[in-house]
Amino acid sequence: MSLALASPLADFAPSMGLMNSTILSPLVHFTPPVGFMNDPNGLVKVQDTYHLYYQHNPNGTVWGPPEWGHATSRDLIQWTDHGTAIARVSENEGVFSGCAVVDVNDTSKLFSGTKVPPEERIVAIFTSNWPDNQVQSIAYSLDGGNTFKRYAHNPVLDINSTQFRDPKVFYHEESGKWIMSVARTQKYEVAFYGSSNLIDWQELSTFSGGFTGYQYEMPDLVHVPVSGSNEKKWVLMLSINPGSPIGGSMVQYFIGDFDGKKFTPQDNFARIADTGKDWYASQTWSNTGDEVLCIAWGSNWQYTNQLPQGPWKSIMSLPRRLSLTKVPYNPEYQGYVLTQQPVDVSAYRRNKASGNITDSAAVELQRTSQNGIFEFTIDVANGTVPADSSLSIVGSSQQGHNITMGLLATDSGAHVYVDRTQNEFLYPLFTEKLSTFVPLNSAGHLKVHGIVDRGSVELYFNDGQEVFTNSYILPEGVSLSKLAISTKGYKAKATIYELVVKANDSGK
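Here the UniProt record's numbering is used: position 108 in the sequence shown is 108, and no number is missing along the way.
As C-alpha coordinates, this is what we get:
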(Lines of atoms letter the chains of each structure in order from A; the text may use other names.)
(Lines give C-alpha, C1' and ligand atoms only; values in the text may rest on other atoms or scores of the structure.)
Protein backbone atom coordinates (compact mmCIF):
# COMPACT_ATOMS: atom_id res chain seq x y z
CA MET A 1 0.00 0.00 0.00
CA SER A 2 1.76 3.12 -1.19
CA LEU A 3 1.23 6.38 0.53
CA ALA A 4 0.78 9.11 -2.07
CA LEU A 5 4.17 10.73 -2.59
CA ALA A 6 4.62 14.31 -3.70
CA SER A 7 5.70 14.60 -7.34
CA PRO A 8 7.52 17.45 -9.06
CA LEU A 9 5.12 16.83 -11.94
CA ALA A 10 1.99 17.12 -9.82
CA ASP A 11 0.87 20.25 -11.65
CA PHE A 12 1.61 18.89 -15.13
CA ALA A 13 -1.55 18.97 -17.25
CA PRO A 14 -2.04 15.81 -19.34
CA SER A 15 -3.08 16.38 -22.91
CA MET A 16 -6.39 16.73 -24.71
CA GLY A 17 -8.66 17.15 -21.70
CA LEU A 18 -8.64 13.43 -21.03
CA MET A 19 -8.46 13.92 -17.28
CA ASN A 20 -12.23 14.40 -17.24
CA SER A 21 -13.22 11.99 -20.00
CA THR A 22 -14.79 8.57 -19.71
CA ILE A 23 -12.75 5.75 -21.19
CA LEU A 24 -14.36 2.39 -21.80
CA SER A 25 -14.15 -0.11 -18.96
CA PRO A 26 -12.14 -3.28 -19.55
CA LEU A 27 -14.14 -6.51 -19.67
CA VAL A 28 -11.75 -9.28 -18.65
CA HIS A 29 -10.02 -7.14 -16.01
CA PHE A 30 -11.75 -6.05 -12.80
CA THR A 31 -12.48 -2.36 -12.20
CA PRO A 32 -14.45 -0.75 -9.36
CA PRO A 33 -17.83 0.74 -10.28
CA VAL A 34 -16.73 4.11 -8.89
CA GLY A 35 -13.71 5.65 -7.22
CA PHE A 36 -9.99 4.95 -7.17
CA MET A 37 -8.62 1.44 -6.67
CA ASN A 38 -5.09 0.23 -6.00
CA ASP A 39 -3.65 -2.84 -4.20
CA PRO A 40 -5.50 -6.17 -4.16
CA ASN A 41 -6.23 -7.22 -0.58
CA GLY A 42 -7.71 -10.12 1.35
CA LEU A 43 -7.64 -12.65 -1.47
CA VAL A 44 -9.34 -15.81 -0.24
CA LYS A 45 -11.29 -18.66 -1.79
CA VAL A 46 -14.35 -19.84 0.12
CA GLN A 47 -15.82 -23.03 -1.31
CA ASP A 48 -16.31 -22.21 -5.02
CA THR A 49 -16.16 -18.41 -4.71
CA TYR A 50 -13.09 -16.22 -5.08
CA HIS A 51 -13.08 -13.10 -2.93
CA LEU A 52 -11.17 -10.02 -4.07
CA TYR A 53 -10.91 -7.15 -1.61
CA TYR A 54 -9.10 -4.04 -2.74
CA GLN A 55 -7.80 -0.65 -1.67
CA HIS A 56 -10.59 1.77 -2.50
CA ASN A 57 -11.20 5.48 -2.29
CA PRO A 58 -14.92 5.67 -3.13
CA ASN A 59 -14.95 9.46 -2.89
CA GLY A 60 -12.56 10.36 -5.70
CA THR A 61 -10.54 9.14 -8.66
CA VAL A 62 -7.10 9.75 -7.16
CA TRP A 63 -5.54 8.10 -4.12
CA GLY A 64 -7.16 9.05 -0.83
CA PRO A 65 -7.45 7.42 2.60
CA PRO A 66 -8.71 3.96 1.63
CA GLU A 67 -11.14 1.37 2.83
CA TRP A 68 -11.62 -2.18 1.57
CA GLY A 69 -13.88 -2.69 -1.43
CA HIS A 70 -15.11 -6.20 -2.17
CA ALA A 71 -15.89 -8.28 -5.25
CA THR A 72 -16.52 -11.98 -5.90
CA SER A 73 -16.22 -14.32 -8.87
CA ARG A 74 -16.67 -17.99 -9.72
CA ASP A 75 -14.27 -17.99 -12.71
CA LEU A 76 -11.86 -15.09 -11.95
CA ILE A 77 -13.04 -13.28 -15.10
CA GLN A 78 -16.53 -11.97 -14.38
CA TRP A 79 -16.87 -10.18 -11.06
CA THR A 80 -19.71 -8.89 -8.91
CA ASP A 81 -18.89 -5.89 -6.75
CA HIS A 82 -20.38 -5.74 -3.25
CA GLY A 83 -19.34 -2.29 -2.09
CA THR A 84 -17.43 -1.58 1.11
CA ALA A 85 -16.39 -4.53 3.28
CA ILE A 86 -14.16 -2.79 5.86
CA ALA A 87 -14.81 0.90 6.37
CA ARG A 88 -12.66 3.46 8.13
CA VAL A 89 -13.56 4.03 11.80
CA SER A 90 -12.67 7.72 11.59
CA GLU A 91 -11.44 10.32 9.12
CA ASN A 92 -7.93 9.88 10.53
CA GLU A 93 -7.71 6.18 9.69
CA GLY A 94 -6.80 4.49 6.45
CA VAL A 95 -7.65 0.80 6.09
CA PHE A 96 -4.43 -0.12 4.32
CA SER A 97 -3.45 -3.36 2.62
CA GLY A 98 -3.64 -6.80 4.16
CA CYS A 99 -4.91 -10.31 3.63
CA ALA A 100 -7.61 -12.78 4.63
CA VAL A 101 -7.48 -16.38 5.83
CA VAL A 102 -10.02 -19.06 6.69
CA ASP A 103 -9.66 -19.94 10.39
CA VAL A 104 -11.22 -23.37 10.00
CA ASN A 105 -10.31 -24.56 13.50
CA ASP A 106 -11.22 -21.26 15.17
CA THR A 107 -7.72 -20.79 16.54
CA SER A 108 -8.62 -17.13 17.15
CA LYS A 109 -11.76 -18.04 19.18
CA LEU A 110 -13.50 -15.24 17.32
CA PHE A 111 -16.21 -17.61 16.12
CA SER A 112 -16.96 -19.28 19.45
CA GLY A 113 -20.68 -19.36 20.07
CA THR A 114 -21.51 -18.50 16.45
CA LYS A 115 -23.08 -20.67 13.77
CA VAL A 116 -20.55 -19.71 11.10
CA PRO A 117 -19.56 -22.91 9.22
CA PRO A 118 -15.84 -23.73 9.59
CA GLU A 119 -15.22 -23.19 5.88
CA GLU A 120 -16.58 -19.61 6.14
CA ARG A 121 -14.60 -18.39 9.16
CA ILE A 122 -12.86 -15.54 7.39
CA VAL A 123 -10.42 -13.36 9.31
CA ALA A 124 -8.94 -10.25 7.70
CA ILE A 125 -5.52 -8.99 8.81
CA PHE A 126 -4.74 -5.44 7.70
CA THR A 127 -2.79 -2.28 8.46
CA SER A 128 -4.57 0.53 10.27
CA ASN A 129 -2.84 3.70 9.16
CA TRP A 130 -2.95 6.63 11.58
CA PRO A 131 -1.20 10.01 11.23
CA ASP A 132 1.50 8.97 13.73
CA ASN A 133 1.54 5.15 13.54
CA GLN A 134 0.90 2.06 11.43
CA VAL A 135 -0.39 -1.00 13.30
CA GLN A 136 -1.76 -4.40 12.34
CA SER A 137 -5.43 -5.05 13.07
CA ILE A 138 -7.84 -7.91 12.49
CA ALA A 139 -11.54 -8.23 11.72
CA TYR A 140 -13.77 -11.25 11.25
CA SER A 141 -16.82 -12.00 9.15
CA LEU A 142 -20.00 -13.67 10.34
CA ASP A 143 -21.64 -13.67 6.90
CA GLY A 144 -19.17 -15.32 4.56
CA GLY A 145 -17.01 -12.28 3.86
CA ASN A 146 -19.57 -9.60 2.96
CA THR A 147 -19.14 -7.59 6.16
CA PHE A 148 -16.57 -7.61 8.95
CA LYS A 149 -16.57 -6.95 12.68
CA ARG A 150 -13.37 -5.53 14.13
CA TYR A 151 -11.61 -7.33 16.96
CA ALA A 152 -12.34 -5.47 20.18
CA HIS A 153 -8.72 -5.33 21.31
CA ASN A 154 -6.98 -4.11 18.16
CA PRO A 155 -4.20 -3.61 17.30
CA VAL A 156 -2.73 -7.10 17.41
CA LEU A 157 0.74 -5.90 16.44
CA ASP A 158 2.28 -2.48 17.10
CA ILE A 159 6.01 -1.64 16.94
CA ASN A 160 5.50 2.13 17.15
CA SER A 161 6.41 2.82 13.52
CA THR A 162 4.90 4.92 10.77
CA GLN A 163 6.37 2.57 8.12
CA PHE A 164 5.09 -0.90 9.06
CA ARG A 165 2.42 -2.32 6.79
CA ASP A 166 0.90 -4.83 4.35
CA PRO A 167 0.64 -8.07 6.39
CA LYS A 168 0.27 -11.37 4.50
CA VAL A 169 -0.57 -14.44 6.59
CA PHE A 170 -0.67 -18.19 5.93
CA TYR A 171 -0.83 -21.32 8.09
CA HIS A 172 2.47 -23.25 8.23
CA GLU A 173 1.59 -26.90 8.81
CA GLU A 174 5.10 -28.02 9.78
CA SER A 175 5.42 -25.58 12.68
CA GLY A 176 1.72 -25.46 13.52
CA LYS A 177 1.64 -21.67 13.40
CA TRP A 178 0.23 -18.79 11.48
CA ILE A 179 3.08 -16.94 9.75
CA MET A 180 2.91 -13.24 8.92
CA SER A 181 5.21 -11.42 6.52
CA VAL A 182 5.00 -7.65 6.90
CA ALA A 183 7.05 -4.78 5.49
CA ARG A 184 9.22 -2.47 7.55
CA THR A 185 9.09 -0.39 4.45
CA GLN A 186 11.88 2.15 4.80
CA LYS A 187 14.26 -0.14 6.69
CA TYR A 188 14.18 -2.40 3.60
CA GLU A 189 13.10 -5.33 5.77
CA VAL A 190 10.47 -8.03 5.59
CA ALA A 191 9.69 -9.10 9.14
CA PHE A 192 8.31 -12.57 9.86
CA TYR A 193 6.06 -13.19 12.87
CA GLY A 194 4.44 -16.33 14.22
CA SER A 195 1.17 -16.85 16.08
CA SER A 196 -0.99 -19.72 17.29
CA ASN A 197 -4.19 -17.67 17.28
CA LEU A 198 -3.89 -14.71 14.84
CA ILE A 199 -3.89 -12.37 17.85
CA ASP A 200 -0.64 -12.83 19.76
CA TRP A 201 2.40 -12.43 17.51
CA GLN A 202 6.10 -13.09 18.14
CA GLU A 203 8.88 -11.90 15.85
CA LEU A 204 10.79 -14.75 14.19
CA SER A 205 13.27 -13.20 11.76
CA THR A 206 13.81 -10.52 9.11
CA PHE A 207 14.88 -10.56 5.48
CA SER A 208 16.53 -7.90 3.34
CA GLY A 209 17.72 -8.15 -0.24
CA GLY A 210 17.23 -7.27 -3.86
CA PHE A 211 16.38 -3.92 -5.37
CA THR A 212 15.64 -1.21 -2.83
CA GLY A 213 14.03 1.75 -4.56
CA TYR A 214 12.47 4.11 -2.03
CA GLN A 215 10.67 1.48 0.05
CA TYR A 216 9.49 -2.12 0.32
CA GLU A 217 5.79 -2.99 0.20
CA MET A 218 3.39 -5.93 -0.08
CA PRO A 219 5.55 -8.94 0.88
CA ASP A 220 4.05 -12.35 0.14
CA LEU A 221 5.72 -15.66 1.05
CA VAL A 222 4.13 -18.58 -0.79
CA HIS A 223 4.90 -22.28 -1.38
CA VAL A 224 4.99 -22.79 -5.16
CA PRO A 225 4.98 -26.15 -7.00
CA VAL A 226 7.86 -27.02 -9.32
CA SER A 227 6.63 -28.04 -12.77
CA GLY A 228 7.02 -31.71 -13.61
CA SER A 229 7.71 -32.85 -10.05
CA ASN A 230 6.18 -33.23 -6.60
CA GLU A 231 8.60 -30.64 -5.23
CA LYS A 232 7.73 -27.18 -3.95
CA LYS A 233 9.90 -24.17 -3.24
CA TRP A 234 9.24 -21.02 -1.27
CA VAL A 235 8.92 -17.77 -3.20
CA LEU A 236 9.01 -14.36 -1.53
CA MET A 237 7.35 -11.69 -3.65
CA LEU A 238 8.16 -8.10 -2.73
CA SER A 239 7.03 -4.82 -4.25
CA ILE A 240 9.10 -1.61 -4.39
CA ASN A 241 8.00 1.95 -5.12
CA PRO A 242 9.17 4.43 -6.30
CA GLY A 243 12.59 4.00 -7.85
CA SER A 244 12.36 0.60 -9.50
CA PRO A 245 14.83 -0.13 -12.33
CA ILE A 246 11.96 -0.25 -14.83
CA GLY A 247 10.52 3.04 -13.59
CA GLY A 248 8.14 3.74 -10.73
CA SER A 249 6.75 0.59 -9.12
CA MET A 250 7.41 -3.11 -9.72
CA VAL A 251 7.44 -6.59 -8.12
CA GLN A 252 10.61 -8.60 -7.50
CA TYR A 253 10.83 -12.14 -6.15
CA PHE A 254 13.27 -14.48 -4.44
CA ILE A 255 13.34 -18.29 -4.50
CA GLY A 256 14.46 -20.18 -1.41
CA ASP A 257 13.59 -22.15 1.72
CA PHE A 258 11.49 -21.42 4.80
CA ASP A 259 11.92 -23.44 7.99
CA GLY A 260 9.00 -21.98 9.93
CA LYS A 261 11.08 -19.08 11.20
CA LYS A 262 13.46 -17.80 8.56
CA PHE A 263 13.43 -17.36 4.80
CA THR A 264 16.76 -18.24 3.15
CA PRO A 265 17.15 -17.41 -0.56
CA GLN A 266 18.82 -20.08 -2.70
CA ASP A 267 20.99 -17.49 -4.49
CA ASN A 268 21.69 -13.77 -4.58
CA PHE A 269 19.39 -13.04 -7.51
CA ALA A 270 16.45 -10.69 -7.32
CA ARG A 271 14.19 -11.59 -10.23
CA ILE A 272 11.60 -9.25 -11.76
CA ALA A 273 8.13 -10.80 -11.80
CA ASP A 274 6.79 -8.73 -14.70
CA THR A 275 9.00 -6.46 -16.82
CA GLY A 276 6.11 -4.25 -17.95
CA LYS A 277 5.16 -0.93 -16.39
CA ASP A 278 1.74 -1.89 -15.03
CA TRP A 279 1.89 -4.84 -12.61
CA TYR A 280 2.31 -3.93 -8.95
CA ALA A 281 1.46 -5.00 -5.38
CA SER A 282 0.80 -8.61 -6.29
CA GLN A 283 -0.88 -10.93 -3.79
CA THR A 284 -1.79 -14.63 -3.82
CA TRP A 285 -5.13 -16.15 -2.86
CA SER A 286 -5.33 -18.18 0.32
CA ASN A 287 -7.29 -21.42 0.78
CA THR A 288 -6.74 -22.66 -2.79
CA GLY A 289 -5.12 -26.01 -1.95
CA ASP A 290 -2.07 -26.80 -4.06
CA GLU A 291 -2.99 -24.23 -6.70
CA VAL A 292 -1.20 -20.87 -6.42
CA LEU A 293 -3.15 -17.94 -7.86
CA CYS A 294 -2.18 -14.29 -7.79
CA ILE A 295 -3.37 -10.92 -9.05
CA ALA A 296 -1.80 -7.45 -9.12
CA TRP A 297 -2.78 -3.83 -9.52
CA GLY A 298 -2.61 -2.95 -13.22
CA SER A 299 -1.09 0.52 -12.95
CA ASN A 300 2.04 2.41 -11.89
CA TRP A 301 2.45 5.07 -9.21
CA GLN A 302 4.48 7.14 -11.68
CA TYR A 303 1.33 8.25 -13.48
CA THR A 304 -1.78 6.65 -12.01
CA ASN A 305 -3.14 9.86 -10.48
CA GLN A 306 -2.75 11.67 -13.81
CA LEU A 307 -4.51 9.03 -15.94
CA PRO A 308 -7.87 9.75 -17.58
CA GLN A 309 -10.78 9.31 -15.24
CA GLY A 310 -14.47 8.76 -15.26
CA PRO A 311 -16.52 7.47 -12.36
CA TRP A 312 -13.76 4.87 -11.78
CA LYS A 313 -10.00 4.61 -12.10
CA SER A 314 -7.54 1.66 -12.18
CA ILE A 315 -7.82 -1.99 -13.08
CA MET A 316 -6.57 -5.28 -11.71
CA SER A 317 -4.42 -7.58 -13.81
CA LEU A 318 -5.76 -10.90 -14.96
CA PRO A 319 -5.35 -13.50 -12.22
CA ARG A 320 -2.41 -15.84 -12.86
CA ARG A 321 -1.51 -19.40 -11.95
CA LEU A 322 2.02 -19.70 -10.61
CA SER A 323 4.60 -22.47 -10.77
CA LEU A 324 8.39 -22.75 -10.90
CA THR A 325 10.20 -24.04 -13.96
CA LYS A 326 13.90 -24.75 -14.43
CA VAL A 327 15.08 -23.14 -17.65
CA PRO A 328 18.35 -22.11 -19.32
CA TYR A 329 18.97 -18.45 -18.63
CA ASN A 330 21.77 -18.62 -21.20
CA PRO A 331 24.05 -21.38 -22.59
CA GLU A 332 26.03 -21.61 -19.32
CA TYR A 333 23.42 -21.23 -16.57
CA GLN A 334 20.17 -22.97 -15.66
CA GLY A 335 17.88 -21.86 -12.90
CA TYR A 336 14.28 -21.56 -11.76
CA VAL A 337 11.87 -18.90 -12.94
CA LEU A 338 8.39 -18.09 -11.69
CA THR A 339 6.07 -19.22 -14.47
CA GLN A 340 2.85 -17.20 -14.73
CA GLN A 341 -0.11 -18.37 -16.79
CA PRO A 342 -3.30 -16.30 -17.16
CA VAL A 343 -6.56 -17.83 -16.03
CA ASP A 344 -8.41 -19.71 -18.73
CA VAL A 345 -10.50 -17.46 -20.96
CA SER A 346 -11.47 -20.17 -23.47
CA ALA A 347 -15.16 -20.01 -22.49
CA TYR A 348 -15.27 -16.48 -23.93
CA ARG A 349 -13.55 -17.18 -27.26
CA ARG A 350 -15.44 -16.40 -30.45
CA ASN A 351 -14.59 -16.01 -34.16
CA LYS A 352 -11.25 -17.75 -34.50
CA ALA A 353 -8.68 -16.84 -37.15
CA SER A 354 -5.57 -19.01 -37.52
CA GLY A 355 -2.84 -19.81 -40.01
CA ASN A 356 0.83 -19.77 -40.92
CA ILE A 357 2.37 -16.34 -41.42
CA THR A 358 5.42 -15.53 -43.52
CA ASP A 359 6.64 -12.31 -45.07
CA SER A 360 5.58 -13.65 -48.45
CA ALA A 361 1.96 -14.13 -47.37
CA ALA A 362 -0.46 -12.03 -49.39
CA VAL A 363 -2.59 -11.10 -46.36
CA GLU A 364 -1.70 -10.66 -42.73
CA LEU A 365 -3.61 -12.71 -40.15
CA GLN A 366 -6.32 -10.54 -38.64
CA ARG A 367 -9.50 -10.64 -36.60
CA THR A 368 -12.15 -7.98 -35.95
CA SER A 369 -13.98 -7.34 -32.72
CA GLN A 370 -17.14 -5.56 -31.64
CA ASN A 371 -15.87 -4.77 -28.14
CA GLY A 372 -12.10 -4.40 -28.49
CA ILE A 373 -10.96 -7.57 -26.70
CA PHE A 374 -8.66 -10.19 -28.22
CA GLU A 375 -6.65 -13.26 -27.31
CA PHE A 376 -3.82 -14.45 -29.54
CA THR A 377 -1.09 -17.09 -29.61
CA ILE A 378 2.04 -17.10 -31.78
CA ASP A 379 4.72 -19.77 -32.16
CA VAL A 380 7.82 -18.40 -33.86
CA ALA A 381 10.48 -20.79 -35.15
CA ASN A 382 13.68 -18.78 -34.73
CA GLY A 383 16.00 -21.22 -36.53
CA THR A 384 18.25 -19.45 -39.00
CA VAL A 385 16.10 -16.38 -39.58
CA PRO A 386 17.67 -13.26 -41.08
CA ALA A 387 19.17 -10.90 -38.53
CA ASP A 388 16.58 -8.20 -39.27
CA SER A 389 13.55 -10.50 -38.80
CA SER A 390 10.59 -8.98 -37.01
CA LEU A 391 6.99 -9.63 -36.11
CA SER A 392 4.33 -6.99 -35.66
CA ILE A 393 1.03 -7.15 -33.76
CA VAL A 394 -1.17 -4.11 -34.29
CA GLY A 395 -4.46 -3.37 -32.58
CA SER A 396 -6.31 -0.58 -34.34
CA SER A 397 -9.55 1.34 -33.91
CA GLN A 398 -11.91 2.56 -36.59
CA GLN A 399 -10.89 6.10 -35.64
CA GLY A 400 -7.24 5.38 -36.54
CA HIS A 401 -5.72 4.87 -33.08
CA ASN A 402 -3.22 2.02 -32.65
CA ILE A 403 -1.45 0.01 -29.99
CA THR A 404 1.55 -1.77 -31.52
CA MET A 405 3.48 -4.75 -30.16
CA GLY A 406 6.28 -6.68 -31.77
CA LEU A 407 9.42 -8.82 -31.79
CA LEU A 408 12.87 -7.95 -33.15
CA ALA A 409 15.06 -11.03 -33.68
CA THR A 410 18.40 -11.76 -32.03
CA ASP A 411 20.49 -14.94 -32.16
CA SER A 412 19.36 -15.95 -28.66
CA GLY A 413 15.80 -14.65 -28.59
CA ALA A 414 13.98 -11.42 -29.32
CA HIS A 415 13.61 -7.88 -28.14
CA VAL A 416 9.93 -7.37 -27.40
CA TYR A 417 8.32 -3.94 -27.51
CA VAL A 418 5.03 -2.19 -26.91
CA ASP A 419 4.56 1.17 -28.61
CA ARG A 420 2.06 3.53 -26.95
CA THR A 421 3.03 6.50 -29.16
CA GLN A 422 -0.46 6.85 -30.65
CA ASN A 423 -2.13 6.98 -27.23
CA GLU A 424 -4.14 10.09 -26.51
CA PHE A 425 -2.56 10.50 -23.07
CA LEU A 426 0.68 12.49 -23.10
CA TYR A 427 2.52 12.71 -19.78
CA PRO A 428 6.31 12.69 -19.29
CA LEU A 429 6.34 9.56 -17.11
CA PHE A 430 3.84 7.59 -19.21
CA THR A 431 6.61 6.03 -21.29
CA GLU A 432 5.57 5.72 -24.91
CA LYS A 433 7.93 2.93 -26.02
CA LEU A 434 8.63 -0.02 -23.74
CA SER A 435 10.81 -3.06 -24.31
CA THR A 436 12.17 -6.24 -22.73
CA PHE A 437 14.21 -9.25 -23.83
CA VAL A 438 12.88 -12.80 -24.13
CA PRO A 439 15.21 -15.78 -24.72
CA LEU A 440 14.32 -18.71 -26.96
CA ASN A 441 12.82 -21.74 -25.26
CA SER A 442 14.59 -25.11 -25.13
CA ALA A 443 13.20 -26.03 -28.57
CA GLY A 444 14.61 -22.88 -30.18
CA HIS A 445 11.16 -21.31 -30.49
CA LEU A 446 9.58 -18.20 -29.06
CA LYS A 447 5.97 -18.59 -27.95
CA VAL A 448 3.68 -15.64 -27.32
CA HIS A 449 0.29 -15.63 -25.57
CA GLY A 450 -1.39 -12.25 -25.54
CA ILE A 451 -4.60 -10.89 -24.06
CA VAL A 452 -5.66 -7.42 -25.19
CA ASP A 453 -8.42 -5.73 -23.23
CA ARG A 454 -9.66 -2.17 -23.26
CA GLY A 455 -6.69 -0.31 -21.84
CA SER A 456 -4.43 -3.29 -21.06
CA VAL A 457 -2.04 -5.62 -22.92
CA GLU A 458 -0.69 -8.71 -21.14
CA LEU A 459 2.00 -10.67 -23.02
CA TYR A 460 3.12 -14.10 -21.77
CA PHE A 461 6.22 -15.63 -23.36
CA ASN A 462 7.34 -19.26 -23.46
CA ASP A 463 4.46 -20.57 -21.37
CA GLY A 464 4.67 -17.69 -18.92
CA GLN A 465 8.39 -17.77 -18.20
CA GLU A 466 8.51 -14.06 -19.04
CA VAL A 467 5.59 -11.62 -18.68
CA PHE A 468 5.18 -8.06 -19.97
CA THR A 469 2.10 -6.10 -18.83
CA ASN A 470 1.37 -2.56 -19.98
CA SER A 471 -1.58 -0.20 -20.10
CA TYR A 472 -2.63 1.99 -23.01
CA ILE A 473 -5.11 4.84 -23.36
CA LEU A 474 -7.58 5.50 -26.18
CA PRO A 475 -9.94 8.48 -26.45
CA GLU A 476 -13.36 8.57 -24.85
CA GLY A 477 -15.68 5.88 -26.19
CA VAL A 478 -13.03 4.34 -28.49
CA SER A 479 -11.98 0.67 -28.49
CA LEU A 480 -9.91 -1.50 -30.81
CA SER A 481 -11.81 -3.00 -33.72
CA LYS A 482 -9.08 -5.13 -35.36
CA LEU A 483 -5.96 -7.06 -34.42
CA ALA A 484 -3.48 -7.97 -37.17
CA ILE A 485 -0.26 -10.02 -37.11
CA SER A 486 2.41 -9.81 -39.81
CA THR A 487 6.06 -10.86 -40.12
CA LYS A 488 9.29 -10.03 -41.88
CA GLY A 489 11.74 -12.93 -42.07
CA TYR A 490 10.07 -14.94 -39.32
CA LYS A 491 7.88 -17.98 -39.96
CA ALA A 492 5.12 -18.26 -37.41
CA LYS A 493 1.91 -20.09 -36.56
CA ALA A 494 -0.70 -17.79 -35.09
CA THR A 495 -4.26 -17.81 -33.79
CA ILE A 496 -6.47 -14.84 -32.91
CA TYR A 497 -9.78 -14.96 -31.05
CA GLU A 498 -12.29 -12.28 -30.33
CA LEU A 499 -13.29 -12.46 -26.65
CA VAL A 500 -16.92 -11.74 -25.81
CA VAL A 501 -17.46 -10.91 -22.14
CA LYS A 502 -20.24 -9.06 -20.34
CA ALA A 503 -19.38 -6.05 -18.19
CA ASN A 504 -18.76 -6.71 -14.51
CA ASP A 505 -21.77 -6.43 -12.23
CA SER A 506 -21.84 -3.58 -9.73
CA GLY A 507 -23.87 -5.84 -7.46
CA LYS A 508 -25.88 -2.96 -6.07
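Backbone N, C-alpha and C fix where the C-beta goes; we use that ideal spot for every residue, glycine too.
Anticipated Cβ contact below 8 Å, residue i with residue j, distance rounded
i: L318; j: V343; result: 6 Å
i: G248; j: W297; result: Going by Cβ atoms, the distance from G248 to W297 rounds to 12 Å, so no, they are not a contact pair.
i: D158; j: D505; result: Incorrect: roughly 39 Å between the Cβ atoms, too far for contact.
i: F374; j: E476; result: With 8 Å as the limit, F374 and E476 do not qualify as a contact, their Cβ atoms being about 21 Å apart.
i: G455; j: I295; result: The pair is not a contact, with the Cβ atoms about 16 Å apart (cut-off 8 Å).
i: S390; j: K488; result: 5 Å
i: L446; j: N371; result: Actually they are not in contact, since the Cβ atoms of L446 and N371 sit about 29 Å apart, beyond 8 Å.
i: F437; j: V448; result: The Cβ separation is near 14 Å, so there is no contact.
i: T61; j: K313; result: 4 Å
i: T495; j: F376; result: 6 Å
i: I451; j: V345; result: 7 Å
i: residue 510; j: G413; result: It is not possible to answer for residue 510, since the shown part of the chain is limited to 1 through 508.
Length of the line joining the Cα atoms of residue i and residue j
i: I25; j: P311; result: Sequence inspection shows Ser at residue 25; the Ile mentioned does not correspond to that position. Distance between the alpha carbons of S25 and P311 is about 10 Å.
i: A362; j: I485; result: Its pLDDT being 48, under 50, A362 is placed unreliably by the model, and nothing is read from it.
i: Y171; j: S244; result: 31 Å
i: Q163; j: S396; result: 44 Å
i: L221; j: G400; result: 45 Å
i: N423; j: D453; result: 15 Å
i: G35; j: Q306; result: 14 Å
i: V182; j: T275; result: 24 Å
i: Y193; j: I122; result: 20 Å
i: P335; j: P328; result: In the sequence on display, residue 335 carries Gly and not Pro. Computed Cα separation, rounded: 6 Å.
i: Q47; j: S141; result: 15 Å
i: Y280; j: V251; result: 6 Å
i: residue 514; j: S195; result: Residue 514 lies beyond the range of the chain shown here (1 to 508); nothing can be said about it.
i: G213; j: Y53; result: 27 Å
i: T264; j: K326; result: 19 Å
i: L434; j: S471; result: 11 Å
i: V224; j: Q398; result: 44 Å
i: V235; j: F207; result: 13 Å
i: F258; j: G144; result: 31 Å
i: M180; j: Y216; result: 16 Å
i: V394; j: S282; result: 28 Å
i: residue 509; j: D411; result: Because the chain is modelled from 1 through 508, residue 509 falls outside the range shown and cannot be assessed.
i: R165; j: F30; result: 24 Å
i: N241; j: E93; result: 22 Å
i: E432; j: I199; result: 47 Å
i: I246; j: K277; result: 7 Å
i: E119; j: T421; result: 49 Å
i: Y427; j: L474; result: 14 Å
Beta-ladder partner(s) of residue i, from DSSP
i: V190; result: A183, F207
i: S481; result: In the DSSP output, where bridge partners are listed per residue, S481 has none listed.
i: E67; result: H56
i: M218; result: Paired residue(s): none; M218 is not in a bridge.
i: H449; result: T377, Y460
i: S286; result: V44
i: L434; result: V418
i: S471; result: S456
i: L499; result: R349
i: residue 590; result: This structure cannot speak to residue 590, because the chain is shown only from 1 to 508.
Residue i, enclosing beta strand (DSSP E) - first and last residue
i: D81; result: 80–86
i: V394; result: 390–396
i: R121; result: It is not in any beta strand (DSSP E) - R121 carries neither H nor E in the DSSP assignment.
i: K232; result: 232–240
i: I138; result: 133–140
i: F374; result: 374–381
i: R349; result: 349–357
i: P342; result: 333–342
i: P428; result: No beta strand (DSSP E) holds P428; DSSP gives it neither H nor E.
i: A409; result: 402–409
i: T264; result: 263–265
i: D257; result: 250–258
i: E93; result: Where E93 is concerned, there is no enclosing beta strand (DSSP E), given that its DSSP letter is neither H nor E.
i: W301; result: Per DSSP, W301 belongs to no beta strand (DSSP E) and is neither H nor E.
Residue i vs residue j beta-carbon contact at 9 Å
i: A85; j: G69; result: yes
i: A492; j: T358; result: yes
i: V418; j: T404; result: yes
i: Q136; j: T127; result: yes
i: L324; j: K233; result: yes
i: Q78; j: V501; result: yes
i: K168; j: S205; result: no
i: H56; j: P32; result: yes
i: T288; j: K115; result: no
i: A100; j: G42; result: yes
i: N197; j: T107; result: yes
is_contact[residue i, chain C] using C-beta, thresh 9 Å
i: Q202; result: The chain labelled as chain C is not found in the depicted structure, where only one protein chain is given.
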